[in-house]
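Take a look at the structure set out below.
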């Protein structure tokens, strides 16, 4: 009876050890996934900043073109008969 009890304890220790290994592996996979998510968020942030800079440049170029168009319209208006 004591031998069977010891055998049961050994089996349960093995099961617990296996569960701990599985938990450890899952934690490692989650850590890797979280790292990948962090990298993706960082890349999105970089692209967002680049897009914001491009929008500012486009707005400045559009304003410059508007000023030039106004100037051209005034210049052409002086030649109208």
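Residue numbers (the numbering used here): 1225 to 1305. Every residue, glycine too, gets a C-beta built ideally from N, C-alpha and C.
Query	Result
Rounding to the nearest angstrom, what Cα-Cα distance links residue 1288 and residue 1273 in this structure?	23 Å
Can you list, in chain order, the residues of its chain with a C-beta nearer than 6 Å to that of residue 1229? Leave out the 5 residues immediately preceding and following it.	none
What first and last residue would you give for the alpha helix (DSSP H) that runs through residue 1269?	1226-1301
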